[in-house]
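Counting in our numbering, the sequence shown runs from 1 upward without gaps. The beta carbon of each residue, even a glycine, is placed where N, CA and C say it ideally should be. On a predicted model such as this, the values are computed, not experimentally measured, just so you know. Everything below concerns the one structure shown next.
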Amino acid sequence: MDKKLIQTSKFLSLVLRHKPELIGIALDTEGWVDIDVLLKACASNGQSIAPDLLQEVVTQNDKKRFVIRDGRIRANQGHSVSVDLALSAIEPPACLFHGTADRFLESIRCNGLRKMNRQHVHLSPDEATARKVGMRHGRPVILKVRASDMHTVGYVFYCSENGVWLTEAVPYEFIEEPKDY
Ligand code: HQG
1 MDKKLIQTSK
11 FLSLVLRHKP
21 ELIGIALDTE
31 GWVDIDVLLK
41 ACASNGQSIA
51 PDLLQEVVTQ
61 NDKKRFVIRD
71 GRIRANQGHS
81 VSVDLALSAI
91 EPPACLFHGT
101 ADRFLESIRC
111 NGLRKMNRQH
121 VHLSPDEATA
131 RKVGMRHGRP
141 VILKVRASDM
151 HTVGYVFYCS
161 ENGVWLTEAV
171 PYEFIEEPKD
181 Y
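Below you can see the structure in the form of structure tokens.
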């Protein structure tokens, strides 16, 4: 993605996941907002986004962070504002991965994985993605989550439209640390 696309994507993440009030919009209960409303609000707040650019951000986004449907847009996952993405619970693969930073390990050992400021704990189907997520926070550590075992005892999993696995919490007993920790 070029610089303008990345900058626009970051701004959209901010208003569609965390702070819609920054530009005076409200998301509906499932996180959607009319594109017309969004673009007008962006323009009124000194953040004009041309309709073509918005389309480009949605289609070219490296992680498919946003989706457009019926003239509305929402973020596929990652919200801190309370939304119900209306995803169906599905059975997870045997293992999923969570990338974190080594400085969080001690707390994770005590408390398991918590959703912190977001609506869910985010898990990746592959280690490479988890590593990138972990690197955002510091020295990355890739935790393996025994998702199937969690599912068997009743934990509920969702998969967002862009392939991120979501669950409420991961108790430490379902986490395997890398050998060198
Ligand atoms: C950590 C990105 C201490 C957790 C990615 C993480 C993801 C704990 C941090 C999405 C803890 C929260 C989400 C505990 C969890 N004690 N630390 N008990 N439990 N943590 O950013 O998963 O690129 O809210 O390990 O792709 O890093 O933005 O969550 O390090 O899918 O589209 O607390 O964001 O998507 O950090 O990232 P975050 P995350 P985008």
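Between Ile35 and Ile68, the beta carbon gap of about 7 Å places them in contact (Cβ cut-off 8 Å). For Pro140, there is no enclosing alpha helix (DSSP H); the residue is found in the beta strand (DSSP E) stretching over Pro140 to Val145.
Annotation for Gly99: the continuous beta strand (DSSP E) segment containing it runs Leu96 to Ala101.
A contact is defined here as three or more CB-CB pairs under 8 Å, and the segment 81-89 fails this definition with respect to the segment 39-58. If you check the C-beta of Asn117 against ligand 1, you find a heavy atom less than 7 Å away. Exclusion of the five residues before and after His151 leaves Glu91, Pro92 and Phe157 as the residues of its chain whose Cβ lies within less than 7 Å of its Cβ.
Note that the C-beta distance between Ala101 and His137 is below 8 Å. Beta-bridge analysis with DSSP links Tyr158 to Leu166.
DSSP links Val67 through a beta bridge to Arg74.
Residues of the same chain with their beta carbon placed closer than 6 Å to that of Ser82 are lacking, with the five preceding and five following residues left out of the count. Bridge partners of Glu176 according to DSSP: Lys144.
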